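First to last, the protein sequences are chains D and V.
Residue numbering for the first sequence follows the working numbering, starting at 71 and increasing by one per position.
Residue numbering for the second sequence follows the working numbering, starting at 71 and increasing by one per position.
We treat Cβ as the ideally placed atom computed from N, Cα and C, and that holds for glycine.
In this text, all values refer to a predicted model and were calculated from it rather than measured experimentally.
Protein chains: 2
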Amino acid sequence: MTEKKILFRNKILKELYFEDNLSCVDLSKRIHKSFPITAKLIEQLMVENLVIENGYAPSTGGRRPLTYSIQKNVMYLVSVAMDQFVTKIAIMDMQNNFVSPIEKIVLPLPDNTKALDALIEKIAQVINSSGIEKEKFIGVGIGMPGFVDVQKGINYSFLQLPNNASITKHISEIIGIPVFIDNDSSLIALAEFYFGEARGEKNAMVINIGWGIGLGMILNGELFRGHEGFAGEFSHIPLFLNGQLCWCGKVGCLETETSLLLIIEKAREGINSGRLSKLNSLTFDDIEQAFDGIVKAVRSGDQFAAELFSKAGYNIGKGIAVLIHLFNPKKIILSGRGASAGKIWSAPIQQALNEHCIPRLFQGTSIAMSSLGTQAELIGAAALVMEHYEQEPIINKQIAA
Amino acid sequence: MTEKKILFRNKILKELYFEDNLSCVDLSKRIHKSFPITAKLIEQLMVENLVIENGYAPSTGGRRPLTYSIQKNVMYLVSVAMDQFVTKIAIMDMQNNFVSPIEKIVLPLPDNTKALDALIEKIAQVINSSGIEKEKFIGVGIGMPGFVDVQKGINYSFLQLPNNASITKHISEIIGIPVFIDNDSSLIALAEFYFGEARGEKNAMVINIGWGIGLGMILNGELFRGHEGFAGEFSHIPLFLNGQLCWCGKVGCLETETSLLLIIEKAREGINSGRLSKLNSLTFDDIEQAFDGIVKAVRSGDQFAAELFSKAGYNIGKGIAVLIHLFNPKKIILSGRGASAGKIWSAPIQQALNEHCIPRLFQGTSIAMSSLGTQAELIGAAALVMEHYEQEPIINKQIAA
DNA sequence: TAAACTTTTTTAATTTTTTAATAAGAAATT
DNA sequence: AATTTCTTATTAAAAAATTAAAAAAGTTTA
């Protein structure tokens, strides 16, 4: 009874996190409860200062509805975005704002037995130095590369504990806050789904163009993870007969023809072999800087740089053709680090689709560029925590008390 | 109120169609209603003779539960399975039995403006000659090749009406019974999901090895159709650099290296060019017979025939590798006409997976052969109707009256 | 400018659902 | 062999949710 009430209370808070300024009618539809019940729950939430009125919405032909928002400073989230070398940590409020500056630490994951301890220490430090009471944190969301089992809380590629113990449990026991993990590409898809280009879409593919090529899938209106959570291994589908050995051990993977690392590598090779290009002044000490430099070169009309993107883009397009055939998505979103290159991708991808896609299929599919930028993964990590929020009424009891 | 009651009544009937011999507790969990309510609904359904008691189930450590079944002869379904040349029609009861002999008519679909009329006439005839009152038919389910929009009831490849009008509406208006259509491979997947090897699976792929290669997907516990219903175009993903022109107009499609038609074609070529084989005595007038002949030859150890299957199997395996990477399914089921070849496929597919799949991924995936045989599509067509059953309370009112 | 129509909000009454208490049948344990 | 435990079934009382009715606040149309 009270249990159930808390469930629906939390559902309201969750809905208000994912969409601001909802009316009582909206909320009652979303939580599948009648209007009177929803109204009462909202009233109670306002007394507890978890929800605030937010003025009237424009009329749609009748009385204007009062809208509500979630109080942004009563609960907080810790978002963590890891790649193989660098980890970013941020604290976010209930209205998707970064409360503290995003912290960036160098934390190499491969063959690093101390990575997990370092991660935990850093998270604890960020929480402590934030000045926010610990009780106000409702969860930690972590995105990481590798084979992640979301349910069990295990990453089979990195950050492993002895006996395949759950790292979410482990971190949670130390930090004292619920912890959720997911694959980096899945979180980017989640961010696009809730706050970006895939918002409200039932069927969308989010391609994470990064040092590798990742894929997150929104299918039938929810994030699809597959049987063990490993779905979306886009970069290692056997699509090419190039004889190129991939680091995964196989031959002809999509990644051997597309990743940003490959573009940088080819740029370096080209310059070393004397190709004429604006890239000649580029340094390759920092790959992020190197990549930004190549993007700039394309924008300013450099032919060699454009060629690199064209080839990679065409091959991504060939991969997208496979996706369109199998999933018949409404929208495909290019996100992740590589999305900063923007429209550069469009032409070669379109060309690949023209060649490799049945017209009837790609006619129904649109391709868009992400607008979330490099923070997509952090936003997705926060959304991951909130997706689980209604299942954690215990946490909320503490706050309500 | 009464509307709602009928909804839950129908939900019970639906559950009993999809799984026989359920107890009251089972049903109450499945329809998400409390035990007392479920008990009352069942009682009422028994009074109306729609449900019957079916003895006690074995005890699981307490009082033995009474189990219930749906009365098999109070409602009937019409199942239709079409391929490009032949159409099969059957009448099925509520316990998945074929009530009448399966009718088979030659009905070529390509460029045949009279196909739809012929189909409707045949359906009407089957219903009329069955001797079953029309009121007892709750729906017609039709599986067909091509690009099928399930919602709108349109097949963009065959059986088209002027102005893209809905053929389900059209047929329904003439026959007087609700009509549902879907892609043939989707229906085979549906059959496997409810009554076959994919039963109860949350994530499974059903590969329809037929004259082409189809794919039906069970994702997150339901059939996945994609944005417009065209998902699963497995046979036309660009996987090969063979330069082979596919009938779809593209080059290198999976179908150019795998379909059963290709096996038959290659068998013919081989024999004509003088290859030594038991296939020499084969006639190619009837493709079904020809295919069965080749399967028999493999079983009896013919090397040439085995070679044909090996190559096709390996290439299917390469396609399956793509599926495993993208979907991380728990199970892959080989179904459709080609499944009759059984274990012949296993070895070459396994080999392809070893070469093209990340070990961690295919370790979690099992491959199974369908046991539904050639009737899978008809069973799926019936299931399609029943999936929609609870949304059609009107029909049931007639029967209950 | 008033009447008619929409949509939201409030309040009250009815209906429905769940819970709880009870009983009965069957297996496991002492 | 008797008791305990577990599951199912039945009934009545309590709780909760939905529905219905009416008021309030706007918009549109005659």
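- The criterion of a C-beta distance shorter than 9 Å is satisfied by E267 (chain V) and K401 (chain V).
- Rounded to the nearest angstrom, the gap between the Cα atoms of P232 (chain D) and H240 (chain D) is 11 Å.
- Of all residues in the stretch 380 to 406 of chain D, only K388, A391, V392, L393, I394, H395, L396, F397, N398, P399, K400 and K401 place a beta-carbon less than 9 Å from a beta-carbon of chain V.
- According to the DSSP secondary-structure assignment, N225 (chain D) is paired through a beta bridge with D:V218.
- Taking one beta carbon from each stretch, the stretch 260 to 280 of chain V and the stretch 191 to 203 of chain V have fewer than 3 pairs nearer than 8 Å; the two do not touch.
- Here DSSP, grouped into helix, strand and coil, assigns C316 (chain V) to coil.
- Around H306 (chain D), the beta-carbon contacts reaching into chain V at under 8 Å are H395 and I428.
- Taking Q165 (chain D) as reference, the option from D:P248, D:G371, D:S139 and D:L186 with the minimal CA-CA separation is D:S139.
- Here the alpha carbons of R79 (chain D) and E118 (chain D) stand approximately 11 Å from one another.
- The beta carbon of N225 (chain V) is closer than 8 Å to those of M214, G216, F217, V218, D219, I237 and I251 in its chain, skipping five residues each way along the sequence.
- Proximity of the stretch 273 to 289 of chain V to the stretch 381 to 399 of chain V meets the contact definition, three or more beta-carbon pairs being nearer than 8 Å.
- Counting the other CB atoms within 10 Å of its CB gives K320 (chain V) a total of 16 or more, which places it among the buried residues.
- Beta-bridge pairing by DSSP links T157 (chain D) to D:M152 and D:I175.
- As summarised for the stretch 397 to 437 of chain D, the continuous beta strand (DSSP E) elements at least 3 residues long and confined to that stretch are 401 to 405, given in chain order.
- For I357 (chain V), the enclosing alpha helix (DSSP H) starts and ends at I357 to R369.
- Its chain contains E262, E267, A268, V276, A438 and S440 as the residues whose beta carbon lies nearer than 6 Å to that of I403 (chain V), once the 5 sequence neighbours on both sides are disregarded; these appear in chain order.
- For the stretch 212 to 236 of chain V, the set of residues with a beta-carbon nearer than 7 Å to any beta-carbon of chain D comprises F217 and Y226, in chain order.
- Listed along the chain, the chain D residues whose CB falls inside 7 Å of the CB of E298 (chain V) are N398 and G434.
- Setting aside the 5 residues that flank it on each side, A382 (chain V) is surrounded in the same chain by T328 and I333, each with a C-beta closer than 6 Å to its C-beta; the list follows chain order.
- Looking from the CA of L289 (chain D), the closest CA among V:G284, V:G286 and V:H297 belongs to V:H297.
- At a cut-off of 9 Å between beta carbons, A438 (chain D) makes no contact with chain V.
- Taking 7 Å as the Cβ-Cβ cut-off, the stretch 318 to 332 of chain V approaches chain D at C318 and K320, given in chain order.
- Against chain V, a Cβ distance below 7 Å from G302 (chain D) picks out L396.
- For the options V:R430, V:L257, V:E123 and V:Q230, the alpha carbon positioned closest to that of C318 (chain D) is the one of V:R430.
- Between I386 (chain D) and A422 (chain D), the CB-CB gap stays under 9 Å.
- In this chain, the beta strand (DSSP E) harbouring L285 (chain V) covers I283 to L289.
- Listed along chain D, no residue sits closer than 9 Å to N278 (chain V) by beta-carbon distance, the nearest being about 14 Å off.
- Take the alpha-carbon of D96 (chain D) and the one of A127 (chain D): they are about 12 Å apart.
- Judged by beta-carbon spacing, G246 (chain V) lies within the 9 Å limit of K204 (chain V), meaning their Cβ atoms are closer than that value.
- For L260 (chain D) and H426 (chain V), the gap between their C-alpha atoms comes out near 29 Å.
- Where N198 (chain D) is concerned, the enclosing alpha helix (DSSP H) starts and stops at A185 to S199.
- R295 (chain V) is classed as buried because its beta carbon has at least 16 other beta carbons within 10 Å across all chains shown.
- In the same chain as D163 (chain D), and ignoring 5 residues on each side of it, the C-beta atoms closer than 7 Å to its own belong to K142, N143, Y146 and V169, in chain order.
- In the DSSP annotation of this structure, N273 (chain D) is not part of any alpha helix (DSSP H), being labelled neither H nor E.
- For E292 (chain V), the chain D residues whose Cβ falls inside 9 Å of its Cβ are N290, in order along the chain.
- In summary, the residues of the stretch 255 to 283 of chain D whose CB is separated from some CB of chain V by less than 8 Å are K272 and N273, in the order they occur in the chain.
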